[in-house]
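Q:
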Amino acid sequence: MHHGVFFKKNGPFSLREVLDYCEIKITDSDKLEKKIFDISTIESLKENCITFLNSPKYKNVSINTNAIACITTLSLQNFLPSSCTKIIVKNVLFTVAKVSKLFYPEADIDQIDRSLQSADKLSHKYPDVKFGKNVLIGENVKIGKNSSIGSNTIIEHDVIIGKHCLIGSDVVIKNTITEDLVYISDGAKLGQKGFGFIPDKTKNFRFPHIGIVYLKKGVEIGTSCTIDRGSITNTSIGENTFLDNQVHIAHNVKIGKNCMIAGQVGIAGSSVVGDNVGIGGQAGISGHLKIGNNVKIGGGSGVIKDIPDNSKVMGYPSVNFRNFIKKLEA
Amino acid sequence: MHHGVFFKKNGPFSLREVLDYCEIKITDSDKLEKKIFDISTIESLKENCITFLNSPKYKNVSINTNAIACITTLSLQNFLPSSCTKIIVKNVLFTVAKVSKLFYPEADIDQIDRSLQSADKLSHKYPDVKFGKNVLIGENVKIGKNSSIGSNTIIEHDVIIGKHCLIGSDVVIKNTITEDLVYISDGAKLGQKGFGFIPDKTKNFRFPHIGIVYLKKGVEIGTSCTIDRGSITNTSIGENTFLDNQVHIAHNVKIGKNCMIAGQVGIAGSSVVGDNVGIGGQAGISGHLKIGNNVKIGGGSGVIKDIPDNSKVMGYPSVNFRNFIKKLEA
Amino acid sequence: MHHGVFFKKNGPFSLREVLDYCEIKITDSDKLEKKIFDISTIESLKENCITFLNSPKYKNVSINTNAIACITTLSLQNFLPSSCTKIIVKNVLFTVAKVSKLFYPEADIDQIDRSLQSADKLSHKYPDVKFGKNVLIGENVKIGKNSSIGSNTIIEHDVIIGKHCLIGSDVVIKNTITEDLVYISDGAKLGQKGFGFIPDKTKNFRFPHIGIVYLKKGVEIGTSCTIDRGSITNTSIGENTFLDNQVHIAHNVKIGKNCMIAGQVGIAGSSVVGDNVGIGGQAGISGHLKIGNNVKIGGGSGVIKDIPDNSKVMGYPSVNFRNFIKKLEA
Numbered sequence: 002m003h004h005g006v007f008f009k010k011n012g013p014f015s016l017r018e019v020l021d022y023c024e025i026k027i028t029d030s031d032k033l034e035k036k037i038f039d040i041s042t043i044e045s046l047k048e049n050c051i052t053f054l055n056s057p058k059y060k061n062v063s064i065n066t067n068a069i070a071c072i073t074t075l076s077l078q079n080f081l082p083s084s085c086t087k088i089i090v091k092n093v094l095f096t097v098a099k100v101s102k103l104f105y106p107e108a109d110i111d112q113i114d115r116s117l118q119s120a121d122k123l124s125h126k127y128p129d130v131k132f133g134k135n136v137l138i139g140e141n142v143k144i145g146k147n148s149s150i151g152s153n154t155i156i157e158h159d160v161i162i163g164k165h166c167l168i169g170s171d172v173v174i175k176n177t178i179t180e181d182l183v184y185i186s187d188g189a190k191l192g193q194k195g196f197g198f199i200p201d202k203t204k205n206f207r208f209p210h211i212g213i214v215y216l217k218k219g220v221e222i223g224t225s226c227t228i229d230r231g232s233i234t235n236t237s238i239g240e241n242t243f244l245d246n247q248v249h250i251a252h253n254v255k256i257g258k259n260c261m262i263a264g265q266v267g268i269a270g271s272s273v274v275g276d277n278v279g280i281g282g283q284a285g286i287s288g289h290l291k292i293g294n295n296v297k298i299g300g301g302s303g304v305i306k307d308i309p310d311n312s313k314v315m316g317y318p319s320v321n322f323r324n325f326i327k328k329l330e331a
Numbered sequence: 002m003h004h005g006v007f008f009k010k011n012g013p014f015s016l017r018e019v020l021d022y023c024e025i026k027i028t029d030s031d032k033l034e035k036k037i038f039d040i041s042t043i044e045s046l047k048e049n050c051i052t053f054l055n056s057p058k059y060k061n062v063s064i065n066t067n068a069i070a071c072i073t074t075l076s077l078q079n080f081l082p083s084s085c086t087k088i089i090v091k092n093v094l095f096t097v098a099k100v101s102k103l104f105y106p107e108a109d110i111d112q113i114d115r116s117l118q119s120a121d122k123l124s125h126k127y128p129d130v131k132f133g134k135n136v137l138i139g140e141n142v143k144i145g146k147n148s149s150i151g152s153n154t155i156i157e158h159d160v161i162i163g164k165h166c167l168i169g170s171d172v173v174i175k176n177t178i179t180e181d182l183v184y185i186s187d188g189a190k191l192g193q194k195g196f197g198f199i200p201d202k203t204k205n206f207r208f209p210h211i212g213i214v215y216l217k218k219g220v221e222i223g224t225s226c227t228i229d230r231g232s233i234t235n236t237s238i239g240e241n242t243f244l245d246n247q248v249h250i251a252h253n254v255k256i257g258k259n260c261m262i263a264g265q266v267g268i269a270g271s272s273v274v275g276d277n278v279g280i281g282g283q284a285g286i287s288g289h290l291k292i293g294n295n296v297k298i299g300g301g302s303g304v305i306k307d308i309p310d311n312s313k314v315m316g317y318p319s320v321n322f323r324n325f326i327k328k329l330e331a
Numbered sequence: 002m003h004h005g006v007f008f009k010k011n012g013p014f015s016l017r018e019v020l021d022y023c024e025i026k027i028t029d030s031d032k033l034e035k036k037i038f039d040i041s042t043i044e045s046l047k048e049n050c051i052t053f054l055n056s057p058k059y060k061n062v063s064i065n066t067n068a069i070a071c072i073t074t075l076s077l078q079n080f081l082p083s084s085c086t087k088i089i090v091k092n093v094l095f096t097v098a099k100v101s102k103l104f105y106p107e108a109d110i111d112q113i114d115r116s117l118q119s120a121d122k123l124s125h126k127y128p129d130v131k132f133g134k135n136v137l138i139g140e141n142v143k144i145g146k147n148s149s150i151g152s153n154t155i156i157e158h159d160v161i162i163g164k165h166c167l168i169g170s171d172v173v174i175k176n177t178i179t180e181d182l183v184y185i186s187d188g189a190k191l192g193q194k195g196f197g198f199i200p201d202k203t204k205n206f207r208f209p210h211i212g213i214v215y216l217k218k219g220v221e222i223g224t225s226c227t228i229d230r231g232s233i234t235n236t237s238i239g240e241n242t243f244l245d246n247q248v249h250i251a252h253n254v255k256i257g258k259n260c261m262i263a264g265q266v267g268i269a270g271s272s273v274v275g276d277n278v279g280i281g282g283q284a285g286i287s288g289h290l291k292i293g294n295n296v297k298i299g300g301g302s303g304v305i306k307d308i309p310d311n312s313k314v315m316g317y318p319s320v321n322f323r324n325f326i327k328k329l330e331a
């Protein structure tokens with residue numbers, strides 16, 4: 002996570018200040034004056050943080066957490082140690098969104114980057130980079146040597162591009178780090194905030210997106226793909242994974258290495274895709290799923306359940322490939 | 002409708018001139034010398050207009066119309082009052098297209114906007130607006146205060162952007178009006194002509210698109226969405242409705258308030274979506290449908306029928322959610 | 002094929018040099034010193050070329066080929082005349098990719114076009130063309146008279162645009178030739194390399210894309226479409242065919258005339274679509290299929306088999322329309 006770099010960060014706040022901001026009253030905690038420096042998932046907890054527990058899935062981790070406080074529900078509070086102040090709420094995500102907003106007041110929407118400058122004026126800073134025309138580069142952008150950036154492309158503040166990367170034209174990259182040898186084709190948009198908000202009839206409350214997009218070595222992103230940054234973890238794509246055109250990768254998705262993802266595929270928020278996975282064109286994967294290693298998903302499939310390693314599935318909703326064929330022949 | 006502002010308008014023409022242009026002969030009308038100022042749908046008729054009737058669905062309105070003339074078919078002519086000159090044709094839409102082309106000769110295709118100027122030269126006109134780099138603004142564009150326009154974005158002539166709006170980078174907006182607090186992410190394209198034409202083996206006849214895109218307060222448009230303007234009515238999106246990335250909204254679609262539309266959804270021409278509707282990723286809605294209020298449509302569904310209020314549907318083609326589950330288990 | 006114009010071409014090479022580059026040993030050929038000028042498909046063979054045979058489908062052509070050498074498999078070699086040196090390999094496409102890379106070292110990835118210049122500086126070369134703002138034009142670009150090019154659009158080196166064409170804003174066009182009266186809406190990206198590579202766990206081997214995009218007279222390309230250029234043949238779209246928004250056309254696809262392709266359709270690599278074909282929104286067509294003339298494909302369909310002329314299909318996978326309806330009612 003690199004949100005401290007990409008997003009303006011406030012704090013620390015005392016636990017009391019955090020609770021006041023959320024309009025929550027807790028009196029029996031001895032930690033009300035403790036300084037809280039950040040909010041974090043329970044798996045990747047840093048020191049002096051507030052965290053949250055929204056599912057029993059994480060109970061093995063939560064029971065040993067050293068978080069100062071944890072936003073959770075009545076029924077999940079027993080999966081937390083007594084040392085942790087429990088903040089019992091009905092809608093965990095709403096309170097997480099509010100606390101994130103307190104720490105990262107500008108991560109819930111993508112303000113325009115006013116640090117952008119013409120690459121023509123910055124060429125002394127990037128002597129080993131080839132630029133097209135009208136390239137715009139933000140503050141503190143790092144670009145590795147022998148990389149090329151196509152015309153009209155925008156690389157916003159603090160983005161890091163590896164060595165030997167090739168970025169096409171009309172690309173917008175924000176809140177993103179790439180390793181070396183990454184290829185991004187024309188028109189792709191990376192690092193925008195994801196589609197996360199707490200619905201409200203008057204005005205939806207946008208979930209701050211404090212995660213980034215992380216592309217490993219050799220990744221290829223096709224023409225006009227969209228890859229949203231993470232909300233509270235990162236969105237990441239593994240080594241040597243290739244995406245075809247018009248693919249949409251939602252926030253917090255993690256894709257393994259050596260995957261092939263064909264055109265117009267969509268992967269919804271927080272799903273995890275293993276290594277060596279092949280996904281046919283226009284397939285869709287619902288949110289919060291786990292797709293195993295070496296899985297093959299047929300074109301047009303709609304995946305709504307976890308898929309174990311080495312499976313081949315197809316259909317809407319997707320089933321084992323043999324069952325799909327049987328059903329067709331029935 | 003604001004087509005008189007966005008599109009060059011010719012006329013008025015006498016009814017005789019209109020008929021001559023369409024190569025239609027009518028002799029028994031006492032209105033041949035009447036001046037016609039515009040073409041309009043029968044529900045939103047203005048004075049001194051020509052209209053059209055293509056379905057018995059509008060008979061309650063049509064029977065009382067005060068249109069000078071109405072393009073219709075032999076079988077529908079009885080739904081019109083005797084005061085209205087009937088123009089009987091085989092293909093109503095083709096004649097409507099021709100008459101629209103007569104009045105709006107440039108609305109059938111998107112000519113490049115030659116009034117665009119660098120926002121740098123126009124900053125005195127927009128003292129309370131933040132601009133990124135290389136922003137292009139057309140003639141008579143209005144932008145409300147505290148709005149921001151991202152880099153490389155194009156806002157074409159006569160567009161109106163509300164207050165406190167945030168428009169990303171690489172956006173193109175034409176023939177569009179937005180209310181306040183609208184958020185449009187990078188790469189979205191709004192107000193282009195829709196996919197409407199009368200097929201012809203030599204050269205398709207493009208339907209003039211004289212409607213606009215109208216976005217109400219608090220609307221959010223995701224990265225790389227496309228929203229076509231209306232052909233003869235407007236395309237509109239209601240208050241506090243949020244669209245995820247790569248959504249396509251076709252011409253004349255009307256979406257209510259507080260809707261959530263996930264990634265890669267497509268809504269075909271002239272469909273009407275109610276309030277508080279949720280649509281899962283990659284779902285498609287056919288044209289000319291009515292989706293009720295509070296409807297939930299599962300991801301990947303293909304909707305080919307109207308859906309009553311408060312329903313939950315899924316499948317291709319979509320059925321009631323309980324039936325979808327039953328069928329799966331069968 | 003125009004790859005000699007668009008892509009840097011090496012050679013000629015002797016057959017011995019080609020084989021050495023591929024690390025293949027052949028000793029019993031009398032053609033090892035013959036000069037090879039290019040690689041070509043077997044149907045469109047030019048003189049002094051190397052070709053390949055990967056399917057018995059082409060046996061009528063292959064048996065009479067005058068290619069110097071042919072990359073093929075053990076089982077297919079009998080479909081070649083004795084005059085042709087057989088290069089027997091396990092993975093024909095991998096060797097084709099390698100030989101293509103030898104002849105066209107830069108066609109496997111889209112390098113940025115460093116010849117681009119502001120159209121403002123080139124207006125003397127295009128006296129009858131209207132340009133928007135910030136248009137970038139590459140070397141040797143030809144644009145026919147009375148054509149217009151929208152703002153921020155990029156037309157890369159050697160592209161040919163016909164007369165009376167209208168190209169919108171934010172378009173990127175490379176490796177493409179269009180005839181007259183072509184209309185391309187905002188945000189479309191044409192001529193990028195396709196999604197073709199030989200998977201390799203360390204580093205996928207990209208297939209050189211030496212074909213182009215060819216658009217015939219009167220073609221319309223909707224907003225934010227992506228059309229990849231061919232790998233070893235061209236991608237082409239026939240006269241008067243219209244594409245709606247967000248359509249993806251993969252490499253080597255050939256579409257006939259007078260087709261209507263609705264929004265978000267995807268056509269996978271090397272499929273051939275006949276004339277007068279209608280394809281509903283979000284439908285997908287798998288790779289290497291043949292869709293006949295006058296075929297109608299319902300919205301959302303997934304086509305995984307060839308479709309004969311005059312058929313109407315729907316479903317996932319698509320079946321004859323009557324069977325689709327029957328199954329629904331069952």
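As you go down the protein sequences, you meet chains A, B and C in turn. Add 1 to the 1-based position in the first sequence for my numbering, that's all there is to it. Add 1 to the 1-based position in the second sequence for my numbering, that's all there is to it. Add 1 to the 1-based position in the third sequence for my numbering, that's all there is to it. Idealized CB from N, CA, C, for every residue including glycine. All values reported here derive from a predicted model rather than from experimental measurement.
Give me the residue from G192(C), Q283(C), V97(C), I199(C) with the minimum Cα distance to I178(C).
A: Measuring from the Cα of I178(C), the nearest candidate turns out to be G192(C).
Q: Could you round the C-beta distance between H125(B) and N147(B) to whole angstroms and report it? I think they count as a contact, below 8 Å.
A: With 8 Å as the limit, H125(B) and N147(B) do not qualify as a contact, their Cβ atoms being about 17 Å apart.
Q: Which same chain residues, not among the five before or five after Y59(B), have their C-beta less than 8 Å away from its C-beta?
A: Once the five neighbours on either side are set aside, the close Cβ partners of Y59(B) are I43, E44, F80.
Q: Quick one: grab the DSSP three-state call for E221(C).
A: DSSP places E221(C) in strand when its eight states are reduced to three.
Q: Which bits of chain C does S287(B) rub up against, with CB to CB less than 7 Å?
A: Within chain C, the residues near S287(B) are G300.
Q: By how many angstroms is the C-alpha of Q78(A) removed from the C-alpha of K36(A)?
A: Cα to Cα, K36(A) sits roughly 22 Å from Q78(A).
Q: Under 8 Å, CB to CB, which of the residues in the stretch 225-243 of chain C have a partner in chain A?
A: Of all residues in the stretch 225-243 of chain C, S225, T227, D229 have a Cβ within less than 8 Å of some Cβ in chain A.
Q: Give me whichever residues DSSP pairs with C71(C) in a beta bridge.
A: Answer by DSSP bridge pairing, in chain order: T52(C), K87(C).
Q: Please tell me whether N135(A) has its Cβ less than 8 Å away from any Cβ of chain B.
A: Yes, its Cβ sits closer than 8 Å to a Cβ of chain B.
Q: By Cβ distance below 7 Å, which residues in the same chain neighbour P13(B) in space, the five residues on each side in sequence not counted?
A: So the qualifying residues of the chain are K36, I37, F38.
Q: Does any residue of chain B have a CB that is nearer than 8 Å to the CB of G193(C)?
A: Note that residue 193(C) is Gln in the sequence shown, not Gly. Output row for Q193(C): interface = no.
Q: When the Cα of N222(B) is compared with those of V19(B), V273(B), V248(B), K204(B), which residue comes out closest?
A: It is Ile, not Asn, that sits at residue 222(B) in the sequence shown. Looking at the Cα atoms, V248(B) is the closest of the given residues.
Q: Output needed for T203(A): all residues of its chain with C-beta closer than 6 Å, excluding positions within five of it in sequence on either side, in chain order.
A: Contacts found: none.
Q: Just by C-beta distance, which residues in the stretch 159-190 of chain B are closer than 9 Å to chain A?
A: Per Cβ criterion, the list reads L167, I168, G169, S170, D171, L182, Y184, S186, D187, G188.
Q: By Cβ distance, which residues of its chain are closer than 6 Å to S149(C), with the 5 residues on each side in sequence left out?
A: Here the set comprises K131, L167.
Q: Using C-beta distances below 7 Å, list every residue in its chain close to V320(B), excluding the 5 sequence neighbours before and after it, in chain order.
A: Correct list, in chain order: V314.
Q: Against chain A, with Cβ distances strictly below 8 Å, would G279(C) count as a contact?
A: No, because no Cβ of chain A sits closer than 8 Å to the Cβ of G279(C).
Q: Taking the DSSP output, what are the residues bridged to F14(C)?
A: Answer is I37(C), bridged to F14(C).
Q: On a CA-only basis, which of E48(A), I156(A), S101(A) is nearest G197(A)? Give me that one, please.
A: G197(A) has its Cα closest to that of S101(A), out of E48(A), I156(A), S101(A).
Q: If you draw a straight line from the C-alpha of N259(C) to the C-alpha of A251(C), how long is it?
A: Those two C-alpha atoms are separated by around 19 Å.
Q: Please confirm whether G293(C) has its beta-carbon closer than 8 Å to some beta-carbon of chain B.
A: Closer than 8 Å: no.
Q: Ends of the beta strand (DSSP E) at T236(B)?
A: Here the beta strand (DSSP E) through T236(B) covers 236-238.
Q: Please classify N368(C): does DSSP put it in a helix, a strand, or coil?
A: Coverage of chain C is limited to positions 2 through 331, which leaves residue 368(C) absent and any answer about it impossible.
Q: How would you call T227(B), buried or exposed, if buried means at least 16 neighbouring beta carbons within 10 angstroms?
A: That one is buried.
Q: Check whether the Cβ of P209(B) lies closer than 8 Å to any Cβ atom in chain C.
A: With 8 Å as the cut-off, P209(B) does not count as an interface residue toward chain C.
Q: Quick one: using the 10 Å Cβ neighbour count with 16 as the cut-off for buried, is A331(B) buried or exposed?
A: A331(B) is exposed by the Cβ-count criterion.
Q: Roughly how many angstroms lie between the CA atoms of K99(B) and L33(B), to the nearest whole one?
A: K99(B) and L33(B): Cα-Cα distance of roughly 18 Å.
Q: Helix, strand or coil for F208(B), going by three-state DSSP, please let me know.
A: Here F208(B) sits in coil by DSSP.
Q: Confirm, please, whether the CB-CB distance from V214(B) to N241(B) is below 8 Å.
A: No; because the gap between Cβ atoms is not below 8 Å, this pair is not in contact.
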